[in-house]
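Enquirer:
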Amino acid sequence: MSILAGKRIILGITGSVAAYKSIYLASNLVQAGAVVDVLLTEAAMSFVGKASFEGITGRRAYSSVMEMTPEGSISHVEIGLSADAMLVAPATADIVAKLAMGFASDIVSATALSLRGALLVAPAMESRMYRNKATTDNIDTLVSRGVHVIAPNTGRLASGVDGEGRLPEPDELIDELRGRLGAEGPLRGKRIVVTAGGTREHLDPVRYIGNRATGKQGVALAVEARDRGGMVTLIVANPSIRIPGGLKVISVSNYAELEKATKLEVASCDALIMNAAVGDFLPEQVAECKIKSGESGIVLELNRSPDLLSSVSGEFIRIGFAAETSELEDNARRKLKIKCLDAIVANDVGSAFATDTNEVTIIRADESTIKVPKQSKEGIATRVIDELIEMFSLREA
Ligand SMILES: Cc1cc2nc3c(=O)[nH]c(=O)nc-3n(C[C@H](O)[C@H](O)[C@H](O)COP(=O)(O)O)c2cc1C
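Those letters in the sequence shown? Residues 2 to 398, per the working numbering, in order.
1. I want to check one thing, is the minimum distance from the CB of S128 to the heavy atoms of ligand 1 below 7 angstroms?
2. Considering only the beta carbon of each residue, do F54 and A20 sit closer than 8 angstroms?
3. Assign M67 to buried or exposed, taking buried as 16 or more other Cβ atoms, counted over all protein chains shown, within 10 Å of its Cβ.
4. Per DSSP, what are the beta-bridge partners of E325 in this structure?
5. Is any non-hydrogen atom of ligand 1 found closer than 7 angstroms to the C-beta of V18, if you look at the structure I gave you?
6. Contact check, I80 vs I24 under 8 angstroms by CB: the rounded distance?
7. With contact counted as at least three CB pairs below 8 angstroms, one residue from each stretch, are the segment 119-128 and the segment 146-157 in contact?
8. Near G16, what residues of its chain come up, given a Cβ to Cβ distance below 7 angstroms and the 5 sequence neighbours on each side ignored?
9. If I follow the unbroken alpha helix (DSSP H) through S110, where does it start and stop?
10. If you draw a straight line from the alpha carbon of G34 to that of D107, how long is it in whole angstroms?
11. Taking the beta carbon of V279 as the centre, do at least 16 other beta carbons fall within 10 Å, making it buried, or is it exposed?
12. Where do the ends of the alpha helix (DSSP H) carrying A52 lie?
13. From this set, N255, L26, A214, I274, which residue's C-alpha is nearest A324's C-alpha?
14. Determine the direct distance from the alpha carbon of V361 to that of A398, and round the result to whole angstroms.
15. When you measure from the CB of I24 to every non-hydrogen atom of ligand 1, does any distance come out below 7 angstroms?
16. Would you say A197 and G211 are within 8 angstroms of each other, going by their C-beta atoms?
17. Using 8 angstroms as the threshold, is the segment 334-348 in touch with the segment 294-303, meaning 3 or more CB pairs across them?
18. Taking C-alpha atoms, which residue in K340, K22, T112, V385 lies nearest to Q376?
19. Bridge partners for D163 per DSSP, in chain order?
20. What is the C-beta distance between V233 and I193, in whole angstroms, given that I count them as a contact (C-beta under 8 angstroms)?
21. Measuring from the CB of I96, is there a heavy atom of ligand 1 at a distance below 7 angstroms?
22. With a CB to CB cut of under 8 angstroms and the five nearest residues on each side skipped, what residues in its chain are close to G230?
23. Are there 16 or more other CB atoms within 10 angstroms of the CB of G73, so buried, or fewer, so exposed?
24. Considering only DSSP beta bridges, list what H149 is partnered with.
25. Apart from the five residues on each side of it in sequence, which residues of its chain come closer than 7 angstroms, Cβ to Cβ, to V31?
26. Judging by CA-CA distance, which residue of I14, G246, N29, V18 is the nearest neighbour of A6?
27. Quick check: the Cα distance between D163 and L265, rounded to an integer number of angstroms?
28. Let's test the definition: count the other Cβ atoms within 10 Å of the Cβ of V267 and tell me whether it reaches 16, buried, or not, exposed.
29. Let me check one thing: in DSSP terms, what residues is M447 bridge-paired to?
30. State the DSSP-derived secondary structure class of N133, mapped to helix, strand or coil.
31. Which stretch, first to last residue, makes up the beta strand (DSSP E) that contains M392?
32. Which of helix, strand or coil does DSSP assign to A355?
33. Would you mind reading off the limits of the alpha helix (DSSP H) that contains V36?
34. Spell out the partners DSSP gives I320 in its beta bridges.
35. Cβ of T200 versus every heavy atom of ligand 1: is any distance shorter than 7 angstroms?
36. Look at V220 and L235 and say whether their C-beta atoms are less than 8 angstroms apart.
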């Protein structure tokens, strides 16, 4: 279940062209299970309207401090007190200044003052406005008060020029929000390394031996660990997967790079979740030039790669994944023992690879099992991270 499920989130929208993204933002938040209250400044109302947000959230949207809630309470007080977090996106230079100064002259700034939960602010404006000392000083003031300021992206701005000041995309903003909501979670202070994707071993400059792993399950595990407060390093072997925010990311392509990054990162970690489908066979030779397609056929000599998970050990918790096409649990149990793991997650190749869902059996070191029925890879990640949290609490008991 997403960390956003059931959370009360205020979405504050101010007068920027980027306000159109807030419609997607509100929709994605609602789809993740959040209860969303939308507040708009008067200037924001020139760009987007209340009806869109009321339709998406199923709740009243507010644009003035004078508006009461349907129950007759003062909106900025009632909404501010009951929220888990408030995200101001897009945040104009004007609202950044007001928040820094403690103004309460509109529904967004007034609600931020009565807020009990976390405040996140996503500035969006032309580069010169963003880099103006007045704005940077105001941002510094907000950061010094514990406000989570989300750095804007660099890209095409409303004026048509490329520069710093572009509002991050809705999913990037939601990543920041999720990370902030989970910051005090049970994995707080824990350093977790997750590997994801499938390695590629080059035969020549254009061809490689790879596998069908997409990295989706590994990314879901990293996100879940982040949302429970962990400091997560994601070592990812898929150049095209979307990488969520709030993670330390190391991109690798082949076995050698994955091995190097993993050995370096586990030196200071509390847990390793080895989800990547690591190439088991490495070419004896990599041709410097493209092998000519005119050849009638070639024989490849492949060597067994060292077992990475067996070669990294220490005080940290180690969870492996086993992808099998037959005798799933027997093979997974054997790997659990040989590699001396704390747990292994057994999944069938047919249900795990290149899909959005998975179905797994988690086998603990004492060989007790948990069957996790078919569900989204995010759902599987939640169960695996539940197990990890349980392992930490047993170790620390
Ligand atoms: C077309 C247009 C686009 C604007 N885009 C931005 C913007 O991206 N960022 C910003 O800080 N101000 C922008 N402004 C200026 C703000 O709308 C203006 O400062 C306004 O007073 C902000 O009010 P608010 O902070 O209460 O929403 C824009 C104005 C116009 C007319």
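The C-beta atom is built at its ideal place from N, Cα and C for all residues, glycine as well.
Expert: With the given structure in hand:
1. no
2. no
3. exposed
4. D349
5. yes
6. Going by Cβ atoms, the distance from I80 to I24 rounds to 20 angstroms, so no, they are not a contact pair.
7. yes
8. T42, A44, A45, S47, F48, T93
9. 108-115
10. 28 angstroms
11. buried
12. 51-58
13. A214
14. 28 angstroms
15. no
16. no
17. no
18. V385
19. R157
20. 5 angstroms
21. yes
22. G183, A184, E185, G186, P187, L188, R189, G190, K191
23. exposed
24. L121
25. V37, I57, T58
26. N29
27. 37 angstroms
28. buried
29. This structure cannot settle anything about residue 447, because the visible part of the chain is limited to 2 through 398.
30. coil
31. No beta strand (DSSP E) contains M392, which is instead part of the alpha helix (DSSP H) from 378-397.
32. coil
33. No alpha helix (DSSP H) holds V36; the beta strand (DSSP E) holding it covers 36-41.
34. I274, A344
35. no
36. yes
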